[in-house]
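Working notes for the structure below.
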């Protein structure tokens, strides 16, 4: 299928996996200013109108938090960027979801390719029931990487980026399921980083973790935003305040307010936002 | 109290069978019984070596034929089985599992024995594969459905095409359970007599050629149990014990190997 979403000069993994491997972190040509955006985006689950005319831009190399009460549509919005909502048969959409400036909702979009460029970390750590090494290697094998030295190098690099290397370097062939919850989540982040996506979507990545493990994930996010664009869905407002550069507040499927985090948490423009962040509901 | 009694009654048939087979079969269980061919009528002694090998060969053929199709169909049902074709396959498998095994023997007779012009081990293997098929299909479907959604989501989100998700995540995660299902089907097939009676027929000689009549333990038991000689009847008991032991052994071995499947 013809790939229509790719406008950056960056070589795509499917076309040139081996040459691209060494230099992809340099991001030749620089990342686009607005890696992700939506335009009048509506989403329905059957008759339920879950997202209502959402329009916003997500900026490169920063952390954007999406907050809001349960059921406000924040996870649905997040899962629209890599089209994970496709897995649900009843979903219909209108408007546009743009990745690097191109609408990705069309039939001509290569979803497999899209998901390689837009990585995702889930609420519950979901490592495969394989070894630690095999988990990180999974995405590399999808890219067609077989060279032993190169694969090992990239696995190590991803585990280092995810701040997990020192804890697991001596037991890479052990089952990933033996790791603690926080380690499993960092392994999932490493697995995602290994394929070097342009954007990382995180769906409440720390909500199932204890405070210490949460702190490590937050540190990691701050560390990663220097090279990656990160979108985090969270119901934890303190977390949004700690880690994000911009915050989007959603309620009942609508984007109520979207601003720089510092401004949003000190002087929100909307009454609804103020009520939510001061704990009057939600 | 009533349910304790019910539970005891449920285990009593197995206990009685084991007890009786052991009592009647154990005395005849000499090394010679495992290693020798049946003796001609009138001579004492002889063994079931050819029947053990024949059963193993035909079960192997049956498994080799049933596993690819059965596991494939089961995967199809679990992954894409919502439509009309899925319902058709599922219903067919269910009906097939209810077809009496002697009818399956007749079908294999028509399918293989008639075109080939003679009874053969191959025909027996085909009959056994049909016996195994429905169990493998429906169990595979069930266990593949049990693979957590989160594994699939993780693989898809990494940019895995659907077939690779199945090949590298779903199947490995379901593999131990699939092996157990295959093993159950195999154990059942190993003891089937009716499908072999007019496909493999049975043989009193070494019968390794797949296109020739082949001996098997169930048919041996069948023949020897209704023979008018006390010596043969005793050998039928011993052969029954051998069959029981083999099925138990295979099941134990496979469970052991499943636990040791490397994770990497």
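Protein chains in written order, with my numbering: chain A, 235 to 516; chain B, 14 to 277.
Where a beta carbon is used, it is the ideal one built from N, C-alpha and C, also for glycine.
Contact between residue 38 of chain B and residue 253 of chain B holds, since their C-beta atoms are separated by about 6 Å, short of 8 Å. Contact annotation, residue 370 of chain A with residue 439 of chain A: C-beta distance approximately 17 Å; criterion of less than 8 Å not satisfied. Residue 399 of chain A and residue 454 of chain A have their C-alpha atoms spaced approximately 13 Å apart. Residue state for residue 234 of chain B is assigned as helix, using DSSP reduced to three classes.
The three-state secondary structure of residue 328 of chain A, taken from DSSP, is strand. When C-beta distances to chain B are compared with 9 Å, the residues of the stretch 333-357 of chain A below that value are 345, 346, 347, 348, 349, 350, 351, 352, 353, 354, 355 and 356, in chain order. With a cutoff of 8 Å on beta-carbon distance, residue 481 of chain A and residue 294 of chain A are scored as not near each other. Using a Cβ distance threshold of 8 Å, residue 235 of chain B and residue 118 of chain B do not count as a contacting pair. The beta carbon of residue 70 of chain B is closer than 8 Å to those of 134, 138, 221, 223 and 227 in its chain, skipping five residues each way along the sequence. Its chain contains 250, 253, 254 and 257 as the residues whose beta carbon lies nearer than 8 Å to that of residue 34 of chain B, once the 5 sequence neighbours on both sides are disregarded; these appear in chain order. For residue 25 of chain B and residue 36 of chain B, the gap between their C-alpha atoms comes out near 16 Å. If you check the CB distance, residue 346 of chain A and residue 338 of chain A do not come in under 8 Å. Less than 8 Å divides the Cβ of residue 333 of chain A from the Cβ of residue 270 of chain A. For the stretch 86-97 of chain B, the set of residues with a beta-carbon nearer than 8 Å to any beta-carbon of chain A is empty.
Closer than 8 Å to the CB of residue 436 of chain A there is not a single CB belonging to chain B. Segment contact: the stretch 93-109 of chain B against the stretch 162-176 of chain B, fewer than three CB-CB distances shorter than 8 Å; contact not assigned. Apart from sequence neighbours up to five positions away, the residues of its chain that approach residue 267 of chain A with a beta-carbon distance below 8 Å are 293 and 294, ordered along the chain. According to the DSSP assignment, residue 122 of chain B belongs to no beta strand (DSSP E), since it is labelled neither H nor E. Inclusion of residue 301 of chain A and residue 468 of chain A in the CB contact set at 8 Å is warranted, their separation being smaller than that value. Non-local C-beta neighbours of residue 187 of chain B in its own chain, meaning closer than 8 Å and more than five positions away in sequence, comprise 153, 156, 157, 159 and 160, ordered along the chain. Cβ-Cβ separation between residue 359 of chain A and residue 395 of chain A: approximately 17 Å, too far for a contact (criterion under 8 Å). Scanning chain A for C-beta atoms nearer than 7 Å to the C-beta of residue 182 of chain B yields 362, reported in chain order.
Of the residues assessed, residue 405 of chain A falls on the exposed side of the cut-off, its CB having fewer than 16 other CB atoms within 10 angstroms.
Taking all protein chains in view, the Cβ of residue 23 of chain B is surrounded by fewer than 16 other Cβ atoms within 10 Å, so the residue is classified as exposed.
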